[in-house]
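Each residue of the sequence shown is one higher than the one before, counting from 34 in the numbering used here. For every residue, glycine included, the Cβ atom is placed at its ideal position computed from N, Cα and C. This one's a predicted model, so the numbers in the text were calculated from it and none came from an experiment.
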Amino acid sequence: MPANRVVVELLYVASGVLAAFAIGWAAAWAYPVGRANIWLVTYVSAAVVVLLGIRPVLRAIRGETK
Numbered sequence: 034m035p036a037n038r039v040v041v042e043l044l045y046v047a048s049g050v051l052a053a054f055a056i057g058w059a060a061a062w063a064y065p066v067g068r069a070n071i072w073l074v075t076y077v078s079a080a081v082v083v084l085l086g087i088r089p090v091l092r093a094i095r096g097e098t099k
């Protein structure tokens with residue numbers, strides 16, 4: 034079922050973004066002096082996770098397999 038694969042891929046992307054923000058929050062809490070830079074890197078990391086997740090989501094929508 035392609036719908037299940039799409040949901041799984043979207044959950045992978047969401048969990049990656051959540052992990053990036055959790056790590057960013059912990060780093061900003063641990064090192065307040067670098068908070069601005071840490072959050073910048075966190076936002077960029079979350080964007081990269083989303084960008085890297087686009088192709089698998091599109092493949093799941095199309096129903097393609099490897």
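Beta-carbon proximity list for residue i, same chain, < 6 Å, skipping 5 on both sides
| i | result |
| --- | --- |
| Ala-79 | Val-50 and Ala-53 |
Test item: CB-CB of residue i and residue j under 8 Å
| i | j | result |
| --- | --- | --- |
| Trp-72 | Ala-55 | no |
| Val-77 | Val-46 | no |
| Thr-75 | Gly-57 | yes |
| Val-39 | Ile-94 | yes |
Given residue i as reference, the closest of the options once Cα atoms are compared
| i | options | result |
| --- | --- | --- |
| Leu-43 | Ala-63, Arg-95 and Pro-89 | Pro-89 |
Start and end residues, alpha helix (DSSP H) containing residue i
| i | result |
| --- | --- |
| Pro-89 | 68–95 |
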